[in-house]
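Numbering of the sequence shown is given in this note's numbering, commencing with residue 6 and proceeding in unit increments.
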Amino acid sequence: MHLSPHEQEKMLVYVAADVAAKRRADGVKLNYPEVIALISVHIMEGARRGTPVLELAESGARLFTSEELMEGVFEMVTDLQVEATFPDGSKLCTIRKLVERNLVDLPGPDPDPDSDPCPVAEGE
Numbered sequence: 006m007h008l009s010p011h012e013q014e015k016m017l018v019y020v021a022a023d024v025a026a027k028r029r030a031d032g033v034k035l036n037y038p039e040v041i042a043l044i045s046v047h048i049m050e051g052a053r054r055g056t057p058v059l060e061l062a063e064s065g066a067r068l069f070t071s072e073e074l075m076e077g078v079f080e081m082v083t084d085l086q087v088e089a090t091f092p093d094g095s096k097l098c099t100i101r102k103l104v105e106r107n108l109v110d111l112p113g114p115d116p117d118p119d120s121d122p123c124p125v126a127e128g129e
């Protein structure tokens with residue numbers, strides 16, 4: 006089986022996410038690359054299923070609690086961009102920062118309405 010460099014990179018992300026998911030299930034605190042892999046796969050799989058880009062950006066930011074991550078990792082994840090293939094083409098989905106999963110329903114400041122969390126990738 007021949008894979009292009011882009012396909013090899015995606016495969017590596019999926020393998021890293023699989024390892025991270027197993028560690029998470031075992032209660033092991035996740036490091037930065039594991040968090041990035043899990044968020045990336047969440048977005049790519051959601052795109053494959055046709056989930057709207059804004060919904061993926063919002064749900065991807067809320068995958069974790071700070072207790073699930075190694076110290077400092079929660080704050081390190083900023084401006085993560087994942088290019089995923091949606092039914093209507095490739096789009097770049099941006100997660101500005103993680104949101105504490107167990108605090109989702111608490112009132113807080115509204116996100117910047119002028120900020121597009123999922124801009125269309127150039128050339129699409």
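Where is the CB? At the ideal position from N, CA and C, for every residue including glycine.
Residue range of the alpha helix (DSSP H) that includes residue i
{"i": "residue 32", "result": "Per DSSP, residue 32 belongs to no alpha helix (DSSP H) and is neither H nor E."}
{"i": "residue 76", "result": "Run containing residue 76: none; DSSP gives neither H nor E here."}
{"i": "residue 47", "result": "37-53"}
Strand pairing of residue i, partner residues [DSSP]
{"i": "residue 100", "result": "85"}
{"i": "residue 91", "result": "94"}
Cβ-based neighbour list, residue i, same chain, cut-off 6 Å, excluding 5 preceding and 5 following
{"i": "residue 75", "result": "34, 36"}
{"i": "residue 22", "result": "42, 43, 46"}
{"i": "residue 86", "result": "97, 99"}
C-beta contact flag for residue i and residue j at 9 Å
{"i": "residue 106", "j": "residue 68", "result": "yes"}
{"i": "residue 55", "j": "residue 91", "result": "yes"}
{"i": "residue 78", "j": "residue 18", "result": "no"}
{"i": "residue 82", "j": "residue 59", "result": "no"}
Residues of its chain near residue i, where Cβ-Cβ distance is below 8 Å and the 5 sequence neighbours each way are ignored
{"i": "residue 61", "result": "47, 48, 51, 52, 89, 98, 123"}
{"i": "residue 111", "result": "For residue 111, the predicted structure reports a pLDDT of 42, less than 50, and the residue's modelled location is therefore unreliable. The matter cannot be settled from this model."}
Sequence-distant residues of the same chain with beta carbon closer than 7 Å to residue i, five excluded per side
{"i": "residue 73", "result": "29, 34, 35"}
DSSP state of residue i mapped onto helix, strand, coil
{"i": "residue 5", "result": "Residue coverage of the chain in this structure runs from 6 to 129, which leaves residue 5 outside it and unanswerable."}
{"i": "residue 68", "result": "coil"}
{"i": "residue 63", "result": "helix"}
{"i": "residue 12", "result": "helix"}
{"i": "residue 114", "result": "Confidence is the limiting factor: at residue 114 the pLDDT is only 43, short of 50, which leaves the residue's position unreliable, though a coordinate-based value still follows. Residue 114: coil per DSSP, three-state reduction."}
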